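Take a look at the structure set out below.
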Amino acid sequence: MNNTLIIGIYSPFAFISAVIFAVELLRRFKRQEDYLFSLLCFCAVGWFATNITGLLADNAEMAKFCINFSLIFVGFIPPILLLFTLKFYKVFYRPSVKILLLMFSIPAINTIMAITSGYHTLMTAQLDIISLTPLREVVLIWGPWFWVHTAYSYVLSVTLIIVILFQHFRLPRFYRLPSSLMVIGVSFTLLGNIVTLLELLPQAIDPTLITMSLSTILFNLAIINNNNSKFVRFSHGKIYHYLDLYILVLDDKHHVVDFNRSAIDWFSSLGITLNASTIDDITEALLHKGNGIKKSFEEDDSIDYYINCGDFPVVLTCAHTR
Numbered sequence: 020m021n022n023t024l025i026i027g028i029y030s031p032f033a034f035i036s037a038v039i040f041a042v043e044l045l046r047r048f049k050r051q052e053d054y055l056f057s058l059l060c061f062c063a064v065g066w067f068a069t070n071i072t073g074l075l076a077d078n079a080e081m082a083k084f085c086i087n088f089s090l091i092f093v094g095f096i097p098p099i100l101l102l103f104t105l106k107f108y109k110v111f112y113r114p115s116v117k118i119l120l121l122m123f124s125i126p127a128i129n130t131i132m133a134i135t136s137g138y139h140t141l142m143t144a145q146l147d148i149i150s151l152t153p154l155r156e157v158v159l160i161w162g163p164w165f166w167v168h169t170a171y172s173y174v175l176s177v178t179l180i181i182v183i184l185f186q187h188f189r190l191p192r193f194y195r196l197p198s199s200l201m202v203i204g205v206s207f208t209l210l211g212n213i214v215t216l217l218e219l220l221p222q223a224i225d226p227t228l229i230t231m232s233l234s235t236i237l238f239n240l241a242i243i244n245n246n247n248s249k250f251v252r253f254s255h256g257k258i259y260h261y262l263d264l265y266i267l268v269l270d271d272k273h274h275v276v277d278f279n280r281s282a283i284d285w286f287s288s289l290g291i292t293l294n295a296s297t298i299d300d301i302t303e304a305l306l307h308k309g310n311g312i313k314k315s316f317e318e319d320d321s322i323d324y325y326i327n328c329g330d331f332p333v334v335l336t337c338a339h340t341r
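Numbering-wise, our numbering puts 67 at position 48 of the sequence shown, and it's gapless, one number per residue.
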């Protein structure tokens with residue numbers, strides 16, 4: 020086992036991760052889960068890049084820097100993966116700023132610790148490079164902050180497993196293919212952690228890096244299959260959340276009591292809040308933004324609003340509760 024062989028093992032997986040990342044960047048139409056998946060691919064590519072660069076380093080300081088710098092990408096993967104999974108299954112509309120700050124606070128601190136690790140022992144209590152070639156050999160003792168990061172990652176991993184299994188088994192069997200790919204992808208990430216803990220591979224090889232790459236392949240296939248088959252998710256039992264229509268549900272006083280995800284995404288992009296609003300408030304806000312509105316009453320007592328917005332007209336369907 021030597022550095023060249025390890026780089027040879029990493030390179031195909033690194034190349035595949037880079038290609039998937041490039042394809043995601045070039046994809047014209049994106050949903051929120053696509054952006055999160057792009058971030059996940061970016062972390063995987065960055066992780067590969069720092070590991071391979073560290074193996075190619077010709078001085079100990081550069082090798083140490085790469086080992087520490089790779090921890091930045093490792094730290095951001097768990098929260099991004101959890102958010103990606105939640106969005107894939109439409110578990111939430113959009114996370115609040117407080118939730119995002121809470122989820123990314125430890126990875127942010129992780130970044131600071133990794134960059135400044137040469138000045139303290141919080142991330143790595145000891146990091147010595149014994150040899151660089153033909154095989155890089157390292158004496159590494161983790162500091163207290165690394166275990167905080169590890170505990171946080173495992174908490175998110177357990178949450179991820181619960182969410183994905185709960186959502187998967189709520190789906191009808193004929194809608195489970197994209198979800199099955201997600202389950203297998205997450206299983207690969209867990210397998211990498213198990214192999215690492217049991218030290219089933221030589222210490223010089225990081226199995227979590229390889230299994231992360233395999234996971235991104237499966238996640239990408241899940242997204243493609245999802246988009247091509249127009250995968251209908253039943254996670255909340257409300258199919259109208261997944262229609263390409265803007266739907267508002269009104270009470271008898273014309274207050275908005277419910278709305279689908281397409282509506283909240285569109286109104287949020289315009290800076291209009293739907294909660295505790297009436298349909299008159301909403302139409303007034305739309306008119307204030309310069310949109311022409313035409314009202315049409317339908318036979319089923321619903322009201323369609325035809326809104327001139329940009330290059331394409333928008334149809335807003337409002338249904339009354341019974």
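In this text, a Cβ means the ideal position worked out from N, Cα and C, and glycines have one as well. Computed from a predicted structure; not experimentally measured.
{"Check": "Near the ligand PLP: I25 beta-carbon under 7 Å from a heavy atom", "Outcome": "In the structure shown, the ligand PLP is absent, as is every other ligand, since no ligand is present at all."}
{"Check": "Touch test, the region 141-152 against the region 160-175, Cβ-Cβ under 8 Å, three pairs minimum", "Outcome": "yes"}
{"Check": "7 Å Cβ shell around I28 - same chain, five flanking residues per side excluded", "Outcome": "I224"}
{"Check": "Cα-Cα separation between I291 and I301, rounded to whole angstroms", "Outcome": "8 Å"}
{"Check": "Short Cβ contact (8 Å threshold) for T208 with M231", "Outcome": "yes"}
{"Check": "Proximity to I322 [Cα-Cα], best of V268, I283, N279", "Outcome": "V268"}
{"Check": "Alpha-carbon spacing of L75 relative to I26, whole angstroms", "Outcome": "9 Å"}
{"Check": "Three-state class that DSSP yields for T152 in the structure shown", "Outcome": "coil"}
{"Check": "Euclidean distance between Cα positions of L102 and L119", "Outcome": "9 Å"}
{"Check": "Option nearest T135 by Cα separation, candidates V276, N87, K117, Q186", "Outcome": "N87"}
{"Check": "One or two residues paired with L146 in a DSSP bridge", "Outcome": "L159"}
{"Check": "Host alpha helix (DSSP H) of Y138 (start-end)", "Outcome": "Y138 -> no alpha helix (DSSP H), and no H or E assigned at all."}
{"Check": "Residue from L90, N78, V116, G65 whose Cα sits closest to the Cα of S150", "Outcome": "N78"}
{"Check": "Straight-line Cα distance separating V202 from R280", "Outcome": "24 Å"}
{"Check": "Rounded C-alpha distance that separates F92 from D277", "Outcome": "39 Å"}
{"Check": "Supposed close pair N212, T235 - CB separation, criterion 8 Å", "Outcome": "No, N212 and T235 are not in contact; Cβ-Cβ is about 16 Å, not under 8 Å."}
{"Check": "Any chain C beta carbon closer than 8 Å to T152", "Outcome": "Any reference to chain C falls outside this structure, which holds one protein chain only."}
{"Check": "Beta-carbon spacing of T130, G73 below 8 Å", "Outcome": "no"}
{"Check": "Beta-carbon proximity list for E80, same chain, < 8 Å, skipping 5 on both sides", "Outcome": "none"}
{"Check": "Backbone secondary structure at Y29 - three-state DSSP", "Outcome": "helix"}
{"Check": "Beta-carbon proximity check, L59 vs I99, cutoff 8 Å", "Outcome": "yes"}
{"Check": "Endpoints, alpha helix (DSSP H) assigned at T104", "Outcome": "79-107"}
{"Check": "Local Cβ density within 10 Å of A82, reported as buried at 16 or more and exposed below that", "Outcome": "buried"}
{"Check": "Integer-rounded CB distance, given that L179 should sit under 8 Å from V205", "Outcome": "6 Å"}
{"Check": "Which residues DSSP lists as bridging T297, in chain order", "Outcome": "H274"}
{"Check": "Exposed unless 16 or more other CB atoms sit within 10 angstroms - verdict on L217", "Outcome": "exposed"}
{"Check": "Simplified DSSP assignment, three categories, for G256", "Outcome": "Here the model assigns G256 a pLDDT of 47, short of 50, so the residue's position is not dependable and the matter cannot be decided."}
{"Check": "Rounded straight-line distance, which links the Cα of L105 to that of Q186", "Outcome": "9 Å"}
{"Check": "Whole-number beta carbon distance between S115 and F67, since they are thought to touch under 8 Å", "Outcome": "Actually they do not touch by this definition, with Cβ atoms about 33 Å apart."}
{"Check": "8 Å contact criterion, which F56 and F238 should meet: CB distance rounded", "Outcome": "6 Å"}
{"Check": "Cβ neighbour criterion (16 or more within 10 Å) applied to I243", "Outcome": "exposed"}
{"Check": "Buried versus exposed, by CB contacts within 10 Å (16 or more), T69", "Outcome": "buried"}
{"Check": "Per-residue burial, L305 [other beta carbons within 10 Å of its own, 16 or more giving buried]", "Outcome": "buried"}
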